[in-house]
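Residue numbers (my numbering): 81 to 370. Only one structure is covered here, and it is reproduced in the block below.
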């Protein structure tokens, strides 16, 4: 299967090693010895999943980190050409379904933190920058030697402008080399800490993938029996639906409450009114008797 048109894996992308390039095989057979042993080791990882951790561009190979399975703590890095790699989804179209079903593909390595890159520039540009820094240092050193010799001999006058620009040139030449050197030390230390975290993460992944001990297995089984079941809410269990509006689908109890409240608010007839006081009731009774 061919990769998508113009596909190029990015740093951090998972890829599948599908084959070894024919030119690599031919070169290993020609040289033999250590190269043949390396080829044998790489042949074992064909079909494995790795993570791209470096892309130097300029048509150079990709540096891929390969985990040797979920039950081992070991992983190693190797370089592969673009023709030897394929994107993971196109090679394993069933991977999302498998992961939804709860299976853990053995080929997928544990999560790996990518190292910090010193620079994203191609190697050619880095080499040219290093050569330029060295040339700056040599030129400034030669200029300083000429200025010192002129001061000592006093044979010819030194232009004032040359004396004025020499300190900035010296500072620029030193900084051009010192800043990348400091960054290289910082990146190296940071990558060491990242490597330690990756090893710890791989160790925990191996521990989780290994079968649990007897006591832990019994605890997990007991917790699985005690966990509450999934309750499914059906249409008959609904008491109110927000999509019906505030006045639709009200429960019967609310309608009965509205009827009782309306009955209490009705005006009372004059004949049904009770007497205002007991005295008025007795006086009215005497008039009836007369």
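All C-beta atoms in this analysis are idealised placements derived from N, C-alpha and C, irrespective of residue type, glycine included. As the structure is a computational prediction, the values presented were derived from the model and not from experiment.
I'd like the list of long-range same chain contacts for residue i, defined as Cβ closer than 7 Å, with 5 residues on each side in sequence excluded.
i	result
residue 271	195, 196
residue 206	199
residue 257	213, 217
residue 158	122, 144, 146
residue 177	Residue placement at residue 177 is poorly supported in this model, since its pLDDT is 41, which falls under 50; the coordinates are not used for a value here.
residue 295	none
Give me whichever residues DSSP pairs with residue i in a beta bridge.
i	result
residue 97	165
residue 132	144
residue 256	Beta-bridge pairing links residue 256 to no other residue.
residue 157	145
Can you say whether residue i is buried or exposed, counting buried as having 16 or more other CB atoms within 10 angstroms of its CB?
i	result
residue 92	exposed
residue 87	exposed
residue 94	buried
residue 123	exposed
residue 131	buried
residue 128	buried
residue 89	buried
residue 279	exposed
residue 317	exposed
residue 336	exposed
residue 277	exposed
residue 135	buried
Could you give the C-beta distance for residue i and residue j, rounded to a whole number, given that I count them as a contact under 8 Å?
i	j	result
residue 98	residue 126	7 Å
residue 164	residue 101	5 Å
residue 141	residue 156	The pair is not a contact, with the Cβ atoms about 15 Å apart (cut-off 8 Å).
residue 220	residue 244	The Cβ separation is near 14 Å, so there is no contact.
residue 246	residue 224	7 Å
residue 96	residue 168	6 Å
residue 292	residue 300	7 Å
Leaving aside the five residues before and after residue i along the sequence, list all residues of the same chain whose C-beta is less than 6 Å from its C-beta, in chain order.
i	result
residue 218	none
residue 104	none
Got a sec? Which residues, its chain only, sit under 8 Å from residue i by beta carbon, not counting five neighbours each side?
i	result
residue 173	With a pLDDT of 45 at residue 173, under the threshold of 50, the modelled position of this residue cannot be trusted, and the question is left open.
Ignoring anything shorter than 3 residues, give me the beta strand (DSSP E) runs that lie fully in the stretch 241-325, in order along the chain.
none
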